[in-house]
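Residue numbers (our numbering): 18 to 200.
For every residue, glycine included, the Cβ atom is placed at its ideal position computed from N, Cα and C.
Here the structure comes first, spelled out in structure tokens, and everything after it is commentary.
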């Protein structure tokens with residue numbers, strides 16, 4: 018076990034703020050999977066997610082002296098990641114023509130019925146998530162996949178907790194509607 022795994026996160030953040038690169042590397046190891054998952058679920062492209070995660074850590078290193086409350090490091094880092102991923106989404110062209118935007122998800126892969134149903138449901142969820150507006154998708158992912166609370170999500174996305182609740186509610190409503198055939 019790495020010795021830095023036993024060091025409290027706040028101590029690592031303080032050391033990193035003082036320029037300790039080993040402490041920052043420990044923070045990267047602790048959070049790299051969550052940062053990558055957040056970027057991947059937002060961007061749905063592995064290469065772009067890896068780039069966004071790397072850029073989020075670079076930005077975090079540069080802006081670490083500006084972090085006032087070391088206890089909020091995780092939320093602060095996820096906010097940087099979310100903003101980077103959303104900026105990449107905004108810079109993209111639409112991947113599908115507008116006349117196909119409402120098309121049905123593709124048929125599930127062949128194979129046993131159970132595996133086909135699971136594959137189809139995962140694909141339907143992926144398509145439904147991709148169809149959500151980025152602010153709704155980001156809030157839903159942070160809540161359902163990362164387990165953050167409304168206050169933390171509000172801090173990450175720069176909105177009020179009430180706005181976050183509304184975004185998550187609208188995202189859930191749209192997802193339930195999109196996944197109705199799978200119920």
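According to DSSP, is residue i part of a helix, a strand, or is it coil?
{"i": "residue 55", "result": "helix"}
{"i": "residue 68", "result": "helix"}
{"i": "residue 117", "result": "With a pLDDT of 49 at residue 117, under the threshold of 50, the modelled position of this residue cannot be trusted; read the value that follows with caution. Looking at residue 117 - three-state DSSP - the assignment turns out to be helix."}
{"i": "residue 125", "result": "Residue confidence for residue 125 is low, a pLDDT of 48 falling below 50, so the modelled location carries little weight and cannot support an answer."}
{"i": "residue 107", "result": "helix"}
{"i": "residue 148", "result": "helix"}
{"i": "residue 82", "result": "helix"}
Whose C-beta lies closer than 7 Å to the C-beta of residue i among residues of the same chain, with five residues either side of it excluded?
{"i": "residue 177", "result": "171"}
{"i": "residue 155", "result": "59, 99, 103, 174"}
{"i": "residue 87", "result": "27, 30, 31"}
{"i": "residue 160", "result": "170, 185"}
{"i": "residue 41", "result": "33, 78"}
{"i": "residue 97", "result": "73, 76, 77"}
{"i": "residue 153", "result": "184, 187, 188"}
Considering Cα atoms alone, identify which of the options is closest to residue i.
{"i": "residue 69", "options": "139, 174, 104", "result": "104"}
{"i": "residue 22", "options": "38, 47, 30", "result": "47"}
{"i": "residue 146", "options": "93, 89, 57", "result": "57"}
For residue i, count neighbouring Cβ atoms within 10 angstroms of its own Cβ and tell me buried if that reaches 16, exposed if not.
{"i": "residue 75", "result": "exposed"}
{"i": "residue 188", "result": "buried"}
{"i": "residue 193", "result": "exposed"}
{"i": "residue 162", "result": "exposed"}
{"i": "residue 27", "result": "exposed"}
{"i": "residue 91", "result": "buried"}
{"i": "residue 141", "result": "buried"}
{"i": "residue 39", "result": "exposed"}
Looking only at its chain, what residues have a beta carbon closer than 8 Å to the beta carbon of residue i, apart from the 5 residues adjacent to it on each side?
{"i": "residue 201", "result": "Outside the modelled stretch of the chain, which goes from 18 to 200, sits residue 201, for which no answer is possible."}
{"i": "residue 106", "result": "59, 60, 151"}
{"i": "residue 149", "result": "157, 188, 191, 192"}
Apart from the five residues on each side of it in sequence, which residues of its chain come closer than 6 Å, Cβ to Cβ, to residue i?
{"i": "residue 72", "result": "101"}
Quick check: does the Cβ of residue i come within less than 8 Å of any heavy atom belonging to the ligand SAM?
{"i": "residue 43", "result": "Ligands in the displayed structure: none, and consequently the ligand SAM is not present."}
Assess contact between the stretch 25-43 and the stretch 72-82, defined as three or more Cβ pairs (one per stretch) separated by less than 8 Å. Is contact present? Touching, yes, given that three or more Cβ pairs across the two stretches are closer than 8 Å.
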